[in-house]
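First the structure, in the form of structure tokens, and then the observations on it.
Number of protein chains: 2
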Amino acid sequence: MRVTIADVARAAGVSKSTVSRVLNAKGEVDPGTADRVRGIIARLGYVPSSRAVGLARGSTRTVGMLAPSLTWPWMSEVLQGAVDAVETAGYGLLLFTCHRGRESMVQFAEQVSARAFDGLLVVEPEDEIDAVVPMRRAGLPVVLVDDRARHLSFPSVSTTNDLGGELAARHLLALGRRAPVVITGPPHFGCVSERLAGFVRALDGHGVEHDPRRTVEGDFTERSGEEAVEKFLADGLDVDAVFAHNDLSAAGALRALRAAGRRVPEDVAVIGFDDIPLATHTTPPLTTVRQPLRAIGEAAANLLLAHIGGDPPTHDPVVLPTELVVRASAPHP
Amino acid sequence: MRVTIADVARAAGVSKSTVSRVLNAKGEVDPGTADRVRGIIARLGYVPSSRAVGLARGSTRTVGMLAPSLTWPWMSEVLQGAVDAVETAGYGLLLFTCHRGRESMVQFAEQVSARAFDGLLVVEPEDEIDAVVPMRRAGLPVVLVDDRARHLSFPSVSTTNDLGGELAARHLLALGRRAPVVITGPPHFGCVSERLAGFVRALDGHGVEHDPRRTVEGDFTERSGEEAVEKFLADGLDVDAVFAHNDLSAAGALRALRAAGRRVPEDVAVIGFDDIPLATHTTPPLTTVRQPLRAIGEAAANLLLAHIGGDPPTHDPVVLPTELVVRASAPHP
DNA sequence: CTGAAAGCGCTTACAG
DNA sequence: CTGAAAGCGCTTACAG
Numbered sequence: 021m022r023v024t025i026a027d028v029a030r031a032a033g034v035s036k037s038t039v040s041r042v043l044n045a046k047g048e049v050d051p052g053t054a055d056r057v058r059g060i061i062a063r064l065g066y067v068p069s070s071r072a073v074g075l076a077r078g079s080t081r082t083v084g085m086l087a088p089s090l091t092w093p094w095m096s097e098v099l100q101g102a103v104d105a106v107e108t109a110g111y112g113l114l115l116f117t118c119h120r121g122r123e124s125m126v127q128f129a130e131q132v133s134a135r136a137f138d139g140l141l142v143v144e145p146e147d148e149i150d151a152v153v154p155m156r157r158a159g160l161p162v163v164l165v166d167d168r169a170r171h172l173s174f175p176s177v178s179t180t181n182d183l184g185g186e187l188a189a190r191h192l193l194a195l196g197r198r199a200p201v202v203i204t205g206p207p208h209f210g211c212v213s214e215r216l217a218g219f220v221r222a223l224d225g226h227g228v229e230h231d232p233r234r235t236v237e238g239d240f241t242e243r244s245g246e247e248a249v250e251k252f253l254a255d256g257l258d259v260d261a262v263f264a265h266n267d268l269s270a271a272g273a274l275r276a277l278r279a280a281g282r283r284v285p286e287d288v289a290v291i292g293f294d295d296i297p298l299a300t301h302t303t304p305p306l307t308t309v310r311q312p313l314r315a316i317g318e319a320a321a322n323l324l325l326a327h328i329g330g331d332p333p334t335h336d337p338v339v340l341p342t343e344l345v346v347r348a349s350a351p352h353p
Numbered sequence: 021m022r023v024t025i026a027d028v029a030r031a032a033g034v035s036k037s038t039v040s041r042v043l044n045a046k047g048e049v050d051p052g053t054a055d056r057v058r059g060i061i062a063r064l065g066y067v068p069s070s071r072a073v074g075l076a077r078g079s080t081r082t083v084g085m086l087a088p089s090l091t092w093p094w095m096s097e098v099l100q101g102a103v104d105a106v107e108t109a110g111y112g113l114l115l116f117t118c119h120r121g122r123e124s125m126v127q128f129a130e131q132v133s134a135r136a137f138d139g140l141l142v143v144e145p146e147d148e149i150d151a152v153v154p155m156r157r158a159g160l161p162v163v164l165v166d167d168r169a170r171h172l173s174f175p176s177v178s179t180t181n182d183l184g185g186e187l188a189a190r191h192l193l194a195l196g197r198r199a200p201v202v203i204t205g206p207p208h209f210g211c212v213s214e215r216l217a218g219f220v221r222a223l224d225g226h227g228v229e230h231d232p233r234r235t236v237e238g239d240f241t242e243r244s245g246e247e248a249v250e251k252f253l254a255d256g257l258d259v260d261a262v263f264a265h266n267d268l269s270a271a272g273a274l275r276a277l278r279a280a281g282r283r284v285p286e287d288v289a290v291i292g293f294d295d296i297p298l299a300t301h302t303t304p305p306l307t308t309v310r311q312p313l314r315a316i317g318e319a320a321a322n323l324l325l326a327h328i329g330g331d332p333p334t335h336d337p338v339v340l341p342t343e344l345v346v347r348a349s350a351p352h353p
């Protein structure tokens with residue numbers, strides 16, 4: 021059998037209470053006794069059972085993380101950041117995805133009700149947010165990685181999407197481009213409207229008007245980037261630049277431009293968003309607005325940990341900076 | 021306060037034992053009583069506390085997964101496969117990485133001792149395997165995603181690496197290439213020696229001898245692929261094909277070949293290994309030996325779950341098939 | 001078919 | 001500074 025607190029107590033000739041006290045550095049313990057107990061603990065290789073501690077203390081030292089899917093190229097970095105922060109705090113990370121649809125959410129909800137973790141990190145929820153709202157109301161600490169979060173009054177972390185759009189526009193303007201088109205993501209994402217707003221505002225500031233027909237709604241896939249470019253060209257628009265709301269659709273745009281015989285960046289400059297590993301491998305390599313993905317995961321986890329630790333939830337989102345990474349698809353002026 | 025089994029028992033006018041029986045479908049319960057209890061459970065929205073169940077039952081319905089890092093491009097798929105399988109079985113997945121070095125492993129070991137999960141999935145361990153061996157000996161069910169596992173007598177899942185090497189060689193031979201070079205990964209990986217062996221054997225079978233100088237050791241990074249090609253060229257070897265042991269180093273090889281003015285595939289055909297998303301985006305797109313990453317994660321999780329469920333551990337590795345995916349870097353003959 | 005009681009392995013007032 | 005006892009919320013023999 022594994023060694024329990026009772027074994028330690030017996031071997032040390034003290035009560036379980038005392039062992040517990042030295043374990044948790046709680047209450048006064050005679051220094052001598054404490055040392056002796058610590059010795060026994062080390063000798064026996066005793067480690068408290070997390071199940072028992074959890075039950076007695078009413079907490080699990082575990083956080084949950086709910087993500088739509090792990091296969092989006094930016095997820096790994098966010099997840100790694102979260103895992104690092106959570107582990108550093110001595111917590112565990114329980115990972116869930118909504119990858120199998122409705123059934124996933126049902127099982128996830130069970131885990132929540134079963135109090136399997138002390139707090140929850142939710143990444144870019146879509147419909148799942150409807151399930152998360154009541155969990156929060158029921159007292160579960162929740163932090164969102166999402167740009168719509170402020171409207172939902174959840175603590176959250178996001179990035180300067182607005183500024184990112186502005187950076188893209190300024191760069192294209194500096195390159196002398198006056199006929200840019202935009203490929204957005206699904207419009208219900210907060211990041212989408214922000215990126216667009218920043219972009220259009222910067223154009224405006226330079227006297228370049230942005231005709232709404234020069235914006236097409238994509239869905240963040242490569243295919244949607246291709247289709248958008250095909251549509252722009254079929255519509256007969258003159259196009260000397262593309263601002264895509266993520267790198268995947270920018271890669272699709274590059275592909276479609278090449279297929280149409282347009283040279284990048286000579287004829288058309290292209291800027292993406294995210295800076296995923298792929299961005300260095302497209303032809304030509306992609307200029308993009310970098311999001312600090314790792315830092316986003318870390319910040320979200322730390323925010324949640326603080327919340328669990330008793331800090332009152334902040335409703336102001338933690339906003340991390342985006343920055344322009346210049347590569348060949350839209351080179352330096 | 022949250023509703024407990026005692027609340028349900030009281031409301032139903034039965035004992036906690038009976039509620040527990042209907043909950044777990046264990047032992048005989050009068051159908052009428054069972055129905056009544058189920059009604060109460062639904063009405064009260066009762067869900068058993070996973071902590072309490074775990075303590076009483078001695079298990080957690082949680083599995084651990086230990087990965088070196090999440091940022092290798094193939095990890096996401098393996099992880100997604102594992103999460104899907106684990107969730108489907110009603111288990112949770114506790115994720116750990118060795119990303120922060122020694123400290124990570126110490127904390128991880130604590131979690132193991134604390135019995136935070138019922139079984140462990142380990143992906144491509146390097147030194148960490150030394151820490152895992154005693155855990156297994158202490159009774160923890162462990163499954164490895166690793167090609168060396170058979171030597172360690174761990175249950176494991178791997179792929180037909182040997183055949184993959186053979187497929188690559190046959191394809192290059194069919195393209196008329198007789199002067200291939202190989203960029204391997206670190207030699208302590210089982211997959212590396214297998215891929216090389218299969219490749220060399222197929223060449224041999226066609227009367228093409230493989231000079232050892234035509235193999236260079238890489239480390240699976242893009243940079244190492246570049247350096248390997250630079251070395252081959254500097255050595256004055258004639259090269260009409262490259263077989264890289266993963267897609268990242270193949271991408272590096274493509275880059276170095278272009279820099280050296282060699283045309284791909286006309287002058288040099290290139291084949292990678294893995295089929296990560298990047299493979300479709302290199303210039304030209306990469307022919308590669310596909311590994312069924314998602315299926316690997318699923319198979320490993322299911323093997324572990326069966327093991328936890330009491331099935332005796334199988335020491336024969338579960339071997340999944342690799343297949344050649346032909347793209348422009350080494351087109352159809 | 002059902003209940004009372006002990007036990008899982010801790011923590012935490014409460015006394016002393 | 002320390003221990004006995006109750007409690008966290010379940011499961012599981014043991015009786016009946």
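These protein sequences, in sequence, are chains F and W. The working numbering runs 20 ahead of the 1-based position in the first sequence. The working numbering runs 20 ahead of the 1-based position in the second sequence. Every residue, glycine too, gets a C-beta built ideally from N, C-alpha and C.
Relative to the C-alpha of residue i, which candidate in the options has its C-alpha closest?
{"i": "Asp104 (chain W)", "options": "F:Asn322, F:Asp287, F:Leu90", "result": "F:Leu90"}
{"i": "Val346 (chain W)", "options": "W:Phe137, W:Phe293, W:Ile316, W:Ala321", "result": "W:Phe293"}
{"i": "Pro330 (chain W)", "options": "W:Val288, W:Phe240, W:Gly225, W:Gly159", "result": "Note on identity: in this sequence residue 330 (chain W) is Gly, with Pro being the wrong assignment. Closest option to Gly330 (chain W), Cα to Cα, is W:Gly159."}
{"i": "Arg282 (chain F)", "options": "F:Thr300, F:His301, F:Val262, F:Asp295", "result": "F:Val262"}
{"i": "Tyr66 (chain W)", "options": "F:Thr108, F:Trp92, F:Met125, F:Val132", "result": "F:Val132"}
{"i": "Pro341 (chain W)", "options": "W:Thr180, W:Ala348, W:Cys211", "result": "W:Thr180"}
{"i": "Pro337 (chain W)", "options": "W:Leu344, W:Pro154, W:Ile316", "result": "W:Ile316"}
{"i": "Asp166 (chain F)", "options": "F:Arg63, F:Met95, F:Ile291", "result": "F:Met95"}
{"i": "Glu97 (chain W)", "options": "W:Ile296, W:His327, W:Thr303, W:Ala348", "result": "W:Ile296"}
{"i": "Cys118 (chain F)", "options": "W:Glu123, W:Cys118, W:Thr108", "result": "W:Thr108"}
{"i": "Ala222 (chain F)", "options": "F:Arg234, F:Gly184, F:Gly256, F:Leu43", "result": "F:Gly184"}
{"i": "Arg198 (chain F)", "options": "F:Arg71, F:Arg234, F:Gln100, F:Met155", "result": "F:Arg234"}
{"i": "Ala188 (chain F)", "options": "F:Arg310, F:Leu323, F:Arg41", "result": "F:Arg310"}
{"i": "Leu277 (chain W)", "options": "W:Leu313, W:Phe137, W:Thr303", "result": "W:Thr303"}
{"i": "Leu325 (chain F)", "options": "F:Ala62, F:Ala72, F:Pro51, F:Tyr111", "result": "F:Tyr111"}
{"i": "Arg63 (chain F)", "options": "F:Thr334, F:Ala31, F:Thr82", "result": "F:Ala31"}
Return the CA-CA distance between residue i and residue j, expressed in angstroms with no decimal places.
{"i": "Ile149 (chain F)", "j": "Asp182 (chain F)", "result": "23 Å"}
{"i": "Asp260 (chain W)", "j": "Asn266 (chain W)", "result": "19 Å"}
{"i": "Leu306 (chain F)", "j": "Leu268 (chain F)", "result": "10 Å"}
{"i": "Ala350 (chain F)", "j": "Leu193 (chain F)", "result": "11 Å"}
{"i": "Val153 (chain W)", "j": "Leu140 (chain W)", "result": "12 Å"}
List the endpoints of the continuous alpha helix (DSSP H) containing residue i.
{"i": "Asp150 (chain W)", "result": "149-157"}
{"i": "Val67 (chain F)", "result": "That residue, Val67 (chain F), is in no alpha helix (DSSP H); it is neither H nor E in DSSP."}
{"i": "Gly112 (chain F)", "result": "Segment 112-117 is the beta strand (DSSP E) holding Gly112 (chain F); no alpha helix (DSSP H) there."}
On the criterion of 16 or more Cβ atoms from any shown chain inside 10 Å, does residue i qualify as buried, or is it exposed?
{"i": "Ala279 (chain F)", "result": "exposed"}
{"i": "Gly272 (chain F)", "result": "buried"}
{"i": "Glu229 (chain W)", "result": "exposed"}
{"i": "Val177 (chain W)", "result": "buried"}
{"i": "Val142 (chain F)", "result": "buried"}
{"i": "Pro353 (chain F)", "result": "exposed"}
{"i": "Ser35 (chain F)", "result": "exposed"}
{"i": "Glu48 (chain W)", "result": "exposed"}
{"i": "Thr80 (chain F)", "result": "buried"}
How far does the beta strand (DSSP E) with residue i in it reach, from first residue to last?
{"i": "Ala289 (chain F)", "result": "289-294"}
{"i": "Ser435 (chain W)", "result": "For chain W, the structure presents residues 21 to 353; residue 435 (chain W) sits outside this window and is missing."}
{"i": "Phe263 (chain W)", "result": "261-264"}
{"i": "Ala87 (chain F)", "result": "82-87"}
{"i": "Arg310 (chain W)", "result": "307-310"}
{"i": "Phe137 (chain F)", "result": "First-last for Phe137 (chain F): undefined, no H or E at that position."}
{"i": "Val73 (chain F)", "result": "From DSSP, Val73 (chain F) is part of no beta strand (DSSP E) but of the alpha helix (DSSP H) over 70-77."}
{"i": "Pro200 (chain F)", "result": "200-204"}
Go ahead and pull the three-state DSSP assignment for residue i.
{"i": "Phe240 (chain W)", "result": "coil"}
{"i": "Glu286 (chain W)", "result": "coil"}
{"i": "Val39 (chain F)", "result": "helix"}
{"i": "Ser96 (chain W)", "result": "helix"}
{"i": "Ser176 (chain F)", "result": "strand"}
{"i": "Leu257 (chain W)", "result": "coil"}
{"i": "Gly185 (chain F)", "result": "helix"}
{"i": "Arg343 (chain F)", "result": "A quick correction: the sequence has Glu, not Arg, at residue 343 (chain F). In this structure, Glu343 (chain F) counts as strand in the three-state DSSP scheme."}
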